[in-house]
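Enquirer: The following block contains the structure, expressed as structure tokens.
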Amino acid sequence: MKVDLEKYRKYIETRIAEGASLRMLENEIGIERQKLSREMKKAGMRVPTRIESVKFLWKNHKHPHIGKTGSLCPTYGRKMSDETKQKLREAMAGDKNYHWSGGRKKHSSGYILVYRPDNHLADKHGFVLEHRLVAEQKYGRKLTSSDIVHHIDGNKTNNNPENIVVLTRSEHAKLHNGLKKCNKRRNTSA
Ligand SMILES: [Zn+2]
């Protein structure tokens with residue numbers, strides 16, 4: 001299907017100037033963002049980078065929350081009642097928010113990073129490993145380098161608080177040794 005970008009050009013340019021991300025535009029005008037990015041480039045329009053959008057959101061919203069970027073938010077783009085909006089705001093405010101979704105990205109190591117420049121765990125680019133952030137919130141204390149965060153189901157991207165446990169280095173090593181033996185036994189007996 002041919003995308004008639006001219007129809008949307010003015011709208012897209014305005015929204016980008018406001019800091020909208022490709023994901024937001026995808027939700028708003030209903031064109032898949034890979035396709036949108038391709039067509040925008042063809043039309044000589046500037047395509048916002050993910051990082052750019054994230055930085056914009058961080059600067060402009062005191063409590064960035066699900067819905068601002070549209071990711072993870074099934075209701076994004078739909079009209080919400082004021083009551084629903086208020087409920088969402090309360091649920092997502094500040095530290096209660098495990099899953100602030102703006103600026104989530106996957107690291108080459110397979111872990112999820114989130115943009116939290118004010119956090120003590122942030123790297124020099126302002127990103128924090130999400131599972132460590134979730135662990136801090138779950139345990140209600142700051143993590144140190146001797147705290148190892150383990151994913152119970154083995155899935156590095158499943159940062160649900162229930163899937164996360166903080167162990168010492170030796171506890172963690174013991175656990176993984178045990179798991180290895182367990183897998184070996186299973187494989188040889190099969
Ligand atoms: Zn582990």
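Quick note: the sequence shown uses the numbering used here, first residue 1, plus one each step.
The beta-carbon is built from N, C-alpha and C at its ideal position, and this holds for glycine as well.
(1) Taking the C-alpha atoms as reference points, what is the distance between E32 and R132?
(2) For a test of the three-state rule: what should DSSP assign to D147, helix, strand or coil?
(3) What's the call for E13, buried or exposed, on a 16-neighbour Cβ count within 10 Å?
(4) Just to confirm the assignment, what range does the beta strand (DSSP E) spanning V165 have?
(5) Within a Cβ cutoff of 6 Å, which residues of the same chain sit near T157, ignoring the five residues on either side of it in sequence?
(6) Quick one: what does DSSP say Y217 is sitting in, helix, strand or coil?
(7) What separation, rounded to the nearest whole angstrom, lies between the Cα atoms of N160 and D4?
(8) Go to L129, then tell me how far its alpha helix (DSSP H) extends in each direction, as first and last residue.
(9) Look at the alpha carbon of I16 and the alpha carbon of P48, and state the distance between them as a whole number of angstroms.
(10) Checking 8 Å against the spacing of the C-beta atoms, do A135 and V166 come in under that value?
Expert: Result, derived from the coordinates:
(1) Taking the straight line joining both Cα atoms gives about 32 Å.
(2) strand
(3) exposed
(4) I164 to T168
(5) Cβ neighbours of T157 beyond the five flanking positions: I112.
(6) This structure cannot speak to residue 217, because the chain is shown only from 1 to 190.
(7) Each residue's alpha carbon lies about 41 Å from the other.
(8) According to the DSSP assignment, L129 belongs to no alpha helix (DSSP H) but to the beta strand (DSSP E) extending over F127 to L129.
(9) 7 Å
(10) In terms of Cβ geometry, A135 and V166 form a close pair [threshold 8 Å].
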